[in-house]
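**Q** Chains as they are written, first to last, in the working numbering: chain F, 96 to 427; chain V, 96 to 427.
Even for Gly, the Cβ is constructed at its ideal location relative to N, Cα and C.
Below is the structure I would like to discuss, written out as structure tokens.
Number of protein chains: 2
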Amino acid sequence: MHQPKRFKKISGIEIPIHEYAEEIRSGSRLHLSKAITLIESMNRDRQEVGQELLQLLLPVTGRSIRIGITGVPGAGKSTFIETFGMMLCEKGHRVAVLAVDPSSSISGGSILGDKTRMQDLSRHPNAFIRPSPSAGTLGGVHRKTRETMLLCEAAGYDVILIETVGVGQSETIVRGMVDYFLLLVLTGAGDELQSMKKGIMELTDAIVVNKADGDNEKLAKKTVREYKQILHFLQPATPKWTTSAFAVSSLKNIGLDHVWKDISEFQNQMKESGYFDERRKLQTKDWFRAMITDRLIDEFFSQKRKNAYDLESQLVQGELTVSQAVDKLFKS
Amino acid sequence: MHQPKRFKKISGIEIPIHEYAEEIRSGSRLHLSKAITLIESMNRDRQEVGQELLQLLLPVTGRSIRIGITGVPGAGKSTFIETFGMMLCEKGHRVAVLAVDPSSSISGGSILGDKTRMQDLSRHPNAFIRPSPSAGTLGGVHRKTRETMLLCEAAGYDVILIETVGVGQSETIVRGMVDYFLLLVLTGAGDELQSMKKGIMELTDAIVVNKADGDNEKLAKKTVREYKQILHFLQPATPKWTTSAFAVSSLKNIGLDHVWKDISEFQNQMKESGYFDERRKLQTKDWFRAMITDRLIDEFFSQKRKNAYDLESQLVQGELTVSQAVDKLFKS
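Structure below.
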């Protein structure tokens, strides 16, 4: 194996890199945070150190359950994660909360940026919350979140929660990096599903109807029945797993233990069948392939964007065939 | 505009290319068939002639309704197309039947290869049936079918039916080349949907329950109700269009007129709103983009397949990070 560099004089790392890795393994939050900053860095040299660090830690990654959480804005994702995360921390788990926020690459802002959204959890010694990387392409955000997840696992976090808002391809991307995918919804299945992305239900391992409290409780239970009815007809996201629906109240901490029980059963079943590891291997391969494709397209269009744009308008005018346009573009 | 070649001595084309195009426009089946053979050819020169011919004809393409038809094997696609096509031919329409069959690239066989499947239709003067291209990558089959469709339009076919079996990405690809997408199913929604591809219902503009005759009729109507119930919750494939479900019997020619009425209404509404043309333009742009991506990936992996494979196994072993593997591959 390639010999890691002994010593780095890059800001924040002034100790031998294997000692630095050891600090992360032993649970130092400071070192974990700084390592994530290296992974997220735009600077080539820092990125490389980040990669070496991650490479050293790879053997101790993977020992977690990776849970994706999605839902329309207003479904109560932060409150759910706050309550669910606190419950798990109290059970002795170590919980890392990450996010993939495609809007951050446009706005420069980021979800989870404001830790005040999860006041109790962010102060709990067993929890680690990291906001979404605030810049870069979706592919870049994807890479950073995936690698941050691995660093958190190396640091001993055994539950990883990855939050995403349902914009663009973000759900598919998060589905591609987690074991279990959870869709958080509000009452009234029909209206909400109509506004959700196509095929979203077939990505999910559980549907959680939130805000099942007070006047809303009855309606929430009706919504659970409706979702179960639809789920009955659809293909499950995970082979041989029956996607179910639950009513919970994140605010009043009702029903969240059922969700955790479902996740634990899922994990047991999938590990027993071997699909747990198999899916992770497939995910790594898919990720490799996706990064290659992204880079090929980026490099190609960075030189040919103008030509492609011109050819595209000729196409729409019906002046040449698509095959001819592609040939011209590659020859240009 | 680029001046088309005057004369080609390539087998099958011995007249000036613009005269050849004129023959197609005037409805010569022989010239149409030979033009399709040029489009499907593996020979670079013939392909180019095919493209020039298509380019000449582009101004007279597009004047059709493009209908995609999918369904599991056994759903009765050939019988449906036979009866539906005959009905349209009798109404005075000119109907072209094409196919995208991803399995043909593996087996070398092709659906629609056997015209005996559609005995009456294949003999009708208003119908033109062309089997699926029997070799090549799915991207290649896709290109050929799309370009064949344009040639058929230039030859005056005003209804294009594109059949596909539900394997791999074929439905998404066919959805990307048609205006209206129809899913043919059997009775018993639950079992069948479970075996269908994820998200398929959200690609379809109509669900047609086939074999609604004899003892099966009651069950077919129940199935229609079940599908309508599910559809109520899902996003429509075409914005502002309500996907509906119909019971038909292709064998006894019952209910097929309802399907045609639905298609006609669809066409009127979409043309009025402008979405008909807008979607076609988007489809052309997507196709352009997809062909570029396919070619980039093909060219890249034709040189680096071995390296990519080696790096992939190192990845799965956890010996290096995905970012490192991608860097190595691009530097190799």
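1. Do F:Thr388 and V:Thr416 have their CB atoms nearer than 8 angstroms?
2. Give a yes or no on whether 8 angstroms exceeds the smallest Cβ distance from V:Glu297 to chain F.
3. Is there a Cβ of chain F sitting closer than 8 angstroms to that of V:Ser159, yes or no?
4. Quick one: does F:Gln398 have its CB under 8 angstroms from some CB of chain V?
5. Could you tell me if F:Phe425 is buried or exposed, where buried requires 16 or more neighbouring beta carbons within 10 angstroms of its beta carbon?
6. Exposed or buried, which one is F:Leu138 when buried takes at least 16 other CB atoms within 10 Å?
7. Which residue's Cα is closest to the Cα of F:Ile164: F:Leu127, F:Gln142, F:Leu256?
8. Out of V:Gly166, V:Val192, V:Asp253, which has the shortest C-alpha to C-alpha gap to V:Ser159?
9. Where do the ends of the beta strand (DSSP E) carrying F:Thr165 lie?
10. Between V:Ser418 and V:Cys184, what straight-line distance do the alpha-carbon atoms span, to the nearest angstrom?
11. Using a beta-carbon distance below 8 angstroms, is F:Val354 in contact with chain V?
12. Beta-carbon of V:Trp336 versus every beta-carbon of chain F: anything under 8 angstroms?
13. Mind checking F:Ala420: buried by the 16 CB within 10 Å criterion, or exposed?
14. Does the beta-carbon of V:Arg320 have 16 or more other beta-carbons within 10 angstroms, so that it is buried, or is it exposed?
15. What ranges does the beta strand (DSSP E) occupy inside the segment 329 to 410 of chain F, keeping only unbroken runs of at least 3 residues that lie completely in it?
16. Using alpha carbons as the reference points, say which of V:Asp215, V:Ser427, V:Glu312 lies closest to V:Ile176.
17. Please list, in chain order, the chain F residues whose beta carbon lies closer than 7 angstroms to that of V:Ile325.
18. So is F:Lys401 buried or exposed if we call it buried at 16+ other beta carbons inside 10 Å?
19. Measuring straight from C-alpha to C-alpha, what distance separates F:Lys335 and V:Ala249?
20. Please compile the residues from chain V whose C-beta is within a distance smaller than 9 angstroms of the C-beta of F:Met386.
21. How about F:Pro111: is its C-beta nearer than 8 angstroms to some C-beta of chain V?
22. Where does V:Leu246 fall in DSSP's three states?
23. What whole-angstrom Cβ distance do V:Glu242 and V:Val192 have, given they're in contact under 8 angstroms?
24. Please go through the same chain and pick out, in chain order, the residues whose beta-carbon is closer than 8 angstroms to the beta-carbon of F:Gln362, but skip the five residues on each side of it.
25. Buried or exposed: which applies to F:Gly169, given that a residue is buried once 16 or more other Cβ atoms fall within 10 Å of its Cβ?
26. Please list the terminal residues of the continuous beta strand (DSSP E) segment that includes V:Thr259.
27. Measure the C-alpha to C-alpha separation of F:Ala332 and V:Ile392 and round it to an integer number of angstroms.
28. Answer yes or no: do F:Val195 and F:Ser227 have a C-beta to C-beta separation smaller than 8 angstroms?
29. Would you call V:Asp310 buried or exposed, if buried means 16 or more other Cβ atoms sit within 10 Å of its Cβ?
30. Considering Cα atoms alone, identify which of F:Glu117, F:Glu143, F:Gln412, F:Leu298 is closest to V:Asp422.
31. Between V:Asp308 and V:Thr178, what straight-line distance do the alpha-carbon atoms span, to the nearest angstrom?
32. Consider the Cβ of F:Gly309: report whether some Cβ of chain V lies at a distance smaller than 8 angstroms.
33. Looking at the secondary structure, which residues open and close the beta strand (DSSP E) in which V:Ile131 lies?
34. Give the single residue among V:Lys347, V:Met296, V:Ser344 whose Cα lies nearest to the Cα of V:Lys323.
35. In or out: F:Glu171 buried (at least 16 other Cβ within 10 Å) or exposed?
36. So the candidates are F:Ile302, F:Gly413, F:His327, F:Glu266; which of them puts its Cα closest to the Cα of F:His353?
**A** According to the structure shown:
1. Not closer than 8 angstroms, so no.
2. Chain F has a Cβ within less than 8 angstroms of the Cβ of V:Glu297.
3. Answer no: the Cβ-Cβ gap between V:Ser159 and chain F never drops below 8 angstroms.
4. Under the Cβ distance rule, F:Gln398 does not count among the residues neighbouring chain V, no pair being separated by less than 8 angstroms.
5. A residue is called buried when at least 16 other Cβ atoms come within 10 angstroms of its Cβ; F:Phe425 does not meet this threshold and is exposed.
6. Note that residue 138 of chain F corresponds to Asn in the displayed sequence, not to Leu. Flag for F:Asn138 reads exposed.
7. Sorting F:Leu127, F:Gln142, F:Leu256 by C-alpha distance to the C-alpha of F:Ile164 places F:Leu256 at the top.
8. With distances taken between Cα atoms, V:Ser159 lies closest to V:Asp253.
9. Per DSSP, F:Thr165 belongs to the beta strand (DSSP E) from 160 to 166.
10. Their Cα atoms are separated by approximately 57 angstroms.
11. Judged by the 8 angstroms Cβ criterion, F:Val354 is not in contact with chain V.
12. Using a CB distance cut-off of 8 angstroms, V:Trp336 does not count as an interface residue toward chain F.
13. Looking at its Cβ environment, which holds 16 or more other Cβ atoms inside 10 Å, F:Ala420 is buried.
14. By the 10 Å Cβ count, V:Arg320 comes out exposed.
15. Correct list: 339 to 342.
16. The closest CA to that of V:Ile176, considering only V:Asp215, V:Ser427, V:Glu312, is found on V:Asp215.
17. Within chain F, the residues whose beta carbon sits less than 7 angstroms from that of V:Ile325 are Ile325, Phe328, listed in sequence order.
18. Flag for F:Lys401 reads exposed.
19. F:Lys335 and V:Ala249: Cα-Cα distance of roughly 49 angstroms.
20. In chain order: Val417, Ser418, Ala420, Val421.
21. Taking Cβ atoms only, chain V never reaches closer than 8 angstroms to F:Pro111, which makes this a no.
22. If DSSP states are grouped into helix, strand and coil, V:Leu246 belongs with the helices.
23. About 16 angstroms separates the two Cβ atoms, so there is no contact after all.
24. Excluding residues within five positions, the ones whose Cβ falls inside 8 angstroms are Ile160, Asp274, Tyr275, Phe371.
25. Counting Cβ neighbours within 10 Å, F:Gly169 comes out exposed, since fewer than 16 surround it.
26. Element bounds for V:Thr259: 254 to 260.
27. Using only the alpha carbons, I get a separation of about 28 angstroms.
28. Yes. Within cutoff.
29. Classified as exposed, V:Asp310 has fewer than 16 neighbouring CB atoms from the shown chains inside 10 Å of its CB.
30. Nearest of F:Glu117, F:Glu143, F:Gln412, F:Leu298 to V:Asp422, Cα basis: F:Glu143.
31. Answer to the nearest angstrom: the Cα atoms are 15 angstroms apart.
32. No, its Cβ sits nowhere closer than 8 angstroms to a Cβ of chain V.
33. Judged by DSSP secondary structure, V:Ile131 falls outside any beta strand (DSSP E) and instead within the alpha helix (DSSP H) spanning 124 to 135.
34. Measuring from the Cα of V:Lys323, the nearest candidate turns out to be V:Met296.
35. For the sequence presented, residue 171 of chain F should be read as Gly rather than Glu. Result: buried.
36. The candidate whose alpha carbon is nearest that of F:His353 is F:Ile302.
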